[in-house]
Structures are given as structure tokens and as C-alpha cells.
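Under full-length UniProt numbering, the residue at position 54 of the sequence shown is numbered 54, and the numbers go up by one with no gaps.
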Amino acid sequence: MGLIAEEKDDGDTNIFRYFISPRHKKNKSNKRFCRVVGKNLGTWKQQDKRKWVRSKQSNLLNMGRKKSFNYDTKMCCPDDGKWHMKEYVFCEAILRKLKTLILEIIVFMH
Numbered sequence: 001m002g003l004i005a006e007e008k009d010d011g012d013t014n015i016f017r018y019f020i021s022p023r024h025k026k027n028k029s030n031k032r033f034c035r036v037v038g039k040n041l042g043t044w045k046q047q048d049k050r051k052w053v054r055s056k057q058s059n060l061l062n063m064g065r066k067k068s069f070n071y072d073t074k075m076c077c078p079d080d081g082k083w084h085m086k087e088y089v090f091c092e093a094i095l096r097k098l099k100t101l102i103l104e105i106i107v108f109m110h
């Protein structure tokens, strides 16, 4: 289960959608992750090398990394619905801190 948000792009008619969800490996022994869309009618192709996302306060602190993907469809109309994805992955230390904060917020709300 993930979180979905939408945002208009500076007066443009394009709409960006943000999906925040955990990643799942294809299987336990594989290093690759599952990025299935719908009924698996296409595949995500990586467009660039993994890049580190650094803190604005300290360029030495790695917050995580990002990759860019394009969706290639297996359907008859390859130009229909071109999708681009930026995948951001937090480093483990940041994830642990976020999980702690979320648990503290949930406990506080009860």
C-alpha cells in the first residue's frame, strides 16, 4: 500500500503523480525489484546511472539515491501513455529515523 499525491506543474496542463510505497524484490535471491504496472503490459527501462541525493546542509551527507526510468509498453500503441519515473530510495539511516518519527506521531495521535 502506498501514498498518492498530485501536483500541477507551474501552470502547465501536465499533472505529476507521486506514489510513495515500499519496494519489493522479485524474489528473495534476486537483487532486482518488482515495478509491475497494471496487468504487466510493459517494462520499466532504466535511463541513467544511479545518482546520489545529497543533503542541502552538507554535501557530504547522502540522503539516498535516485534513478530515472521510462515505461515501454507491449501494447499496439507504443506512443500512447509515455510514462517517466524518478525512483528515490532513502538510505537505511534515514529510513530508520523516519520510521521512528512516524511511530512517535502515531502514538501521539492516539
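For every residue, glycine included, the Cβ atom is placed at its ideal position computed from N, Cα and C.
Give me the residue from the options with the minimum Cα distance to residue i.
i      : options                   : result
Ser-21 : Lys-28, Leu-95 and Ser-68 : Leu-95
Phe-16 : Lys-97, Phe-90 and Lys-86 : Lys-86
Phe-19 : Lys-97, Ala-93 and His-84 : His-84
Distance check for residue j and residue i, CA to CA, integer angstroms please.
i       : j      : result
Gly-42  : Ser-68 : 16 angstroms
Lys-31  : Lys-66 : 16 angstroms
Leu-101 : Lys-28 : 29 angstroms
Thr-55  : Leu-61 : Reading off the sequence, residue 55 comes out as Ser, not Thr. Distance between the alpha carbons of Ser-55 and Leu-61 is about 6 angstroms.
Trp-44  : Tyr-71 : 4 angstroms
Asn-52  : Lys-74 : Correcting the residue identity first, residue 52 is Trp in this sequence and not Asn. Trp-52 and Lys-74: Cα-Cα distance of roughly 31 angstroms.
Asp-48  : Arg-23 : 19 angstroms
Cys-34  : Lys-25 : 6 angstroms
Gln-57  : Gly-64 : 15 angstroms
Ala-93  : Lys-39 : 34 angstroms
Lys-99  : Tyr-88 : 17 angstroms
How about residue i: is its Cβ closer than 7 angstroms to a heavy atom in the ligand NAP?
i      : result
His-24 : No copy of the ligand NAP appears in this structure; indeed no ligand is present at all.
Helix or strand or just coil, what does DSSP make of residue i?
i     : result
Lys-8 : For Lys-8, the predicted model reports a pLDDT of 48, less than 50, meaning its position is unreliable; a value from the coordinates is still stated below. Correct three-state label for Lys-8: strand.
Along the chain, which unbroken stretches of the beta strand (DSSP E) at least 3 residues long are found entirely within the segment 33–99? 42–46, 51–54, 62–73 and 84–90
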